[in-house]
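First up is the structure itself, then whatever we jot down about it.
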Amino acid sequence: QKLFVGDQVLRVTAKNEEQLTLLRGLEGMEHLQVDLWRSPAKASLPVDIHVPFHSLQSVKAFLEYNDIPYSIMLEDLQLLLDQEQEEMKRSRML
Amino acid sequence: VRNTNSFSYSTYHTLDEIYNWIDSLVAEHPDLVSKIQIGHTYENRPIYVLKFSTGGSNRPAIWIDTGIHSREWITQATGIWTAKKIASDYGKESTLTSILNNLDIFLLIVTNPDGFAYTHSTNRMWRKTRSINAGSACVGVDPNRNWDAGFGGPGASKNPCSETYHGAYPHSESEVKAIVDFLLSHGNVKSLLSIHSYSQMLLFPYGYTNNLAPDHEALNNLAREALSALTSLHGTKYTYGTTFATIYQADGTTIDWAYNNGIKYSYTFELRDTGRYGFILPANQIIPTAEETWLALVKIFEHVRDNPY
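Read top to bottom, the protein sequences are chains A and B. If you use this note's numbering, the first sequence closes out at 95, no skipped numbers anywhere. If you use this note's numbering, the second sequence closes out at 330, no skipped numbers anywhere.
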């Protein structure tokens, strides 16, 4: 089973079309392996990006270099998935 | 002992559990609910639709699908709750009883069974189908870019490794083709509601073009009314509009195909994520999500019942 230990989901708020274009380009950088949970659509809408642990530093540096504001939406994806599994197990036992 | 009352609606379930539950629901409501196999998946799993019907022949119908993107688990869970709600309320609740006395409802709970099984076994974040793409190591097609409506345009990807890969040709995915064949052969479906998550939006055609649909005003008004009902329960805020204008250009989508094939009331729901959990919405939000969505669904059902075309 694929694990997501240390992966984060970043909520990015692009300020203008130029920043949106930069964010769209992230998906094309295959080595980063980011997954756009909410794609860059317009400046009024947040963009959620699932970033694997190994790419976190690069992606955050990219955002900061380009002055694109972001916050950490999910701190560690695997923790949430473990909780989800635990709840399912508990429910099955009940 | 199979019993849909002892089933936990506030947790997520595997494909086997859902398919067993479907059999229980059908067994408990034989005069209202039946199970139809409309096809099979790439990996040969059956695709089951629940039919809610009080009789008549080829009545006007409403189609609902959940889980076309397999990782959007809140949608399959909402589908299960909704099916139980329809079965339980018929004959007891006047609005739903009246709706079912005039319309049939088809509900496809696991629209992408291969993807869904894969989210449980191997990769919780899987979105696409599981078909192999010739000449590529990447697996799967986005089944919501695979429909014959603006297929292959710039609002979908040509790259099989992309999450929005449109596939080799329209309806290449057996999961999509099964629905297309069913809807066309039925011929009397008046509304199609395709349920996704997350971001809290109610979208309607078009996604592949900036042009407004001929029924734009009617779709817009009904969306507003449906969302007013939805928000009244827990205050969950939705936005609404055409896919193109509200989010971005998206080609080959379910609702655009449906609309272009005569299904006027075609909508995509993007269910809630009020707590910023994305696709990992905690299970304790399943029932609130389903309850508020139900209010919007009923508004649309009523409108379809009262505005035949």
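We put the beta carbon where it would ideally sit given N, CA and C, even for glycine. Predicted, not measured: the structure shown is a model, and the values here were computed from it.
Between which two residues does the alpha helix (DSSP H) harbouring residue i extend?
i                            : result
glutamine 20 of chain A      : 18-29
phenylalanine 322 of chain B : 307-327
isoleucine 301 of chain B    : Neither: isoleucine 301 of chain B is in no alpha helix (DSSP H) and is coded neither H nor E.
isoleucine 126 of chain B    : That residue, isoleucine 126 of chain B, is in no alpha helix (DSSP H); its beta strand (DSSP E) goes 125-129.
histidine 141 of chain B     : 134-142
aspartate 236 of chain B     : Where aspartate 236 of chain B is concerned, there is no enclosing alpha helix (DSSP H), given that its DSSP letter is neither H nor E.
isoleucine 69 of chain A     : Neither: isoleucine 69 of chain A is in no alpha helix (DSSP H) and is coded neither H nor E.
serine 109 of chain B        : 94-110
tyrosine 261 of chain B      : Counting along the chain, tyrosine 261 of chain B falls outside any alpha helix (DSSP H), though it belongs to the beta strand (DSSP E) covering 260-263.
lysine 211 of chain B        : Segment 210-218 is the beta strand (DSSP E) holding lysine 211 of chain B; no alpha helix (DSSP H) there.
By the DSSP assignment, the beta strand (DSSP E) with residue i in it spans what residues?
i                            : result
threonine 289 of chain B     : 286-292
tryptophan 38 of chain A     : 36-39
alanine 82 of chain B        : 82-87
proline 67 of chain B        : 67-73
leucine 82 of chain A        : No beta strand (DSSP E) contains leucine 82 of chain A, which is instead part of the alpha helix (DSSP H) from 78-94.
phenylalanine 225 of chain B : 222-225
tyrosine 280 of chain B      : It is not in any beta strand (DSSP E) - tyrosine 280 of chain B instead sits in the alpha helix (DSSP H) that spans 275-281.
histidine 51 of chain A      : 48-52
isoleucine 57 of chain B     : 54-61
leucine 46 of chain B        : Premise fails: leucine 46 of chain B lies in the alpha helix (DSSP H), 36-49, not in any beta strand (DSSP E).
Is it true that the CB of residue j sits closer than 8 Å to the CB of residue i?
i                         : j                            : result
isoleucine 101 of chain B : tyrosine 30 of chain B       : yes
leucine 251 of chain B    : leucine 316 of chain B       : yes
aspartate 135 of chain B  : arginine 80 of chain B       : no
aspartate 110 of chain B  : leucine 117 of chain B       : yes
tyrosine 71 of chain A    : valine 13 of chain A         : yes
leucine 254 of chain B    : threonine 99 of chain B      : no
threonine 230 of chain B  : glycine 171 of chain B       : yes
asparagine 209 of chain B : alanine 82 of chain B        : yes
isoleucine 85 of chain B  : phenylalanine 127 of chain B : yes
threonine 289 of chain B  : serine 215 of chain B        : yes
State the CB to CB distance for the pair residue i and residue j, rounded to an integer number of angstroms; the pair is presumed to be in contact (CB under 8 Å).
i                      : j                        : result
leucine 4 of chain A   : glycine 299 of chain B   : About 17 Å; that fails the 8 Å criterion.
proline 235 of chain B : glutamate 194 of chain B : The Cβ separation is near 29 Å, so there is no contact.
alanine 199 of chain B : isoleucine 68 of chain B : 5 Å
Pick from the options: whose alpha carbon is nearest that of residue i?
i                         : options                                : result
glutamate 87 of chain A   : B:His34, B:Arg245, B:Arg66             : B:His34
arginine 166 of chain B   : B:Asp272, B:Ile301, B:Ala279, B:Leu248 : B:Asp272
tyrosine 40 of chain B    : B:Tyr288, B:Gly76, B:Ala138            : B:Ala138
isoleucine 301 of chain B : A:Ala15, A:Gln20, A:Gly29, A:Trp38     : A:Trp38
arginine 145 of chain B   : B:Ser215, B:Ala177, B:Glu93, B:Ile153  : B:Glu93
histidine 32 of chain A   : A:Lys43, A:Leu21, A:Gln20, A:Pro53     : A:Pro53
serine 88 of chain B      : B:Leu36, B:Tyr330, B:Ser119, B:Asn305  : Sequence inspection shows glycine at residue 88 of chain B; the serine mentioned does not correspond to that position. That would be B:Leu36, whose Cα lies nearest to the Cα of glycine 88 of chain B.
isoleucine 57 of chain B  : B:Ile130, B:Ala311, B:Glu312, B:Asn154 : B:Ile130
aspartate 327 of chain B  : B:Asn123, B:Phe73, B:Lys149, B:His237  : B:Asn123
aspartate 52 of chain B   : B:Ser74, B:Phe28, B:Asn241             : B:Ser74
histidine 90 of chain B   : B:Ile153, B:Leu46, B:Val197            : B:Val197
threonine 25 of chain B   : B:Gln306, B:Ala239, B:Gly156, B:Thr103 : B:Thr103
valine 6 of chain A       : A:Leu82, A:Met89, A:Ser92              : A:Leu82
glycine 296 of chain B    : B:Tyr219, B:Asn154, B:Leu243, B:Thr274 : B:Tyr219
glycine 176 of chain B    : B:Pro309, B:Ala266, B:Ser55            : B:Ala266
Under 9 Å (Cβ pairs) to chain B, residues found in the stretch 36-57 of chain A = Asp36, Leu37, Trp38, Arg39, Ser40, Pro41, Ala42, Lys43, Leu46, Pro47, Asp49, His51
Please list the residues of the stretch 299-310 of chain B that have a C-beta atom closer than 9 Å to any C-beta atom in chain A, keeping them in chain order.
-> Gly299, Phe300, Ile301, Pro303, Ala304, Asn305
Between the stretch 60-91 of chain A and chain B, which residues of the former have a C-beta closer than 7 Å to a C-beta of the latter?
-> Residues passing the 7 Å Cβ filter: Met74, Leu75, Leu81, Leu82, Glu85, Glu88, Met89.
In chain order, what residues of the stretch 127-154 of chain B put their CB closer than 8 Å to some CB of chain A?
-> Residues of the stretch 127-154 of chain B whose Cβ lies closer than 8 Å to any Cβ of chain A, in chain order: Ser142, Thr143, Asn144, Arg145, Met146.
Near-chain A residues of the stretch 102-122 of chain B - C-beta to any C-beta below 8 Å | none
Name, going along the chain, the residues of the stretch 255-281 of chain B whose beta-carbon falls closer than 7 Å to a beta-carbon of chain A.
-> If the cut-off is 7 Å between Cβ atoms, the stretch 255-281 of chain B has Ile268, Tyr269 near chain A.
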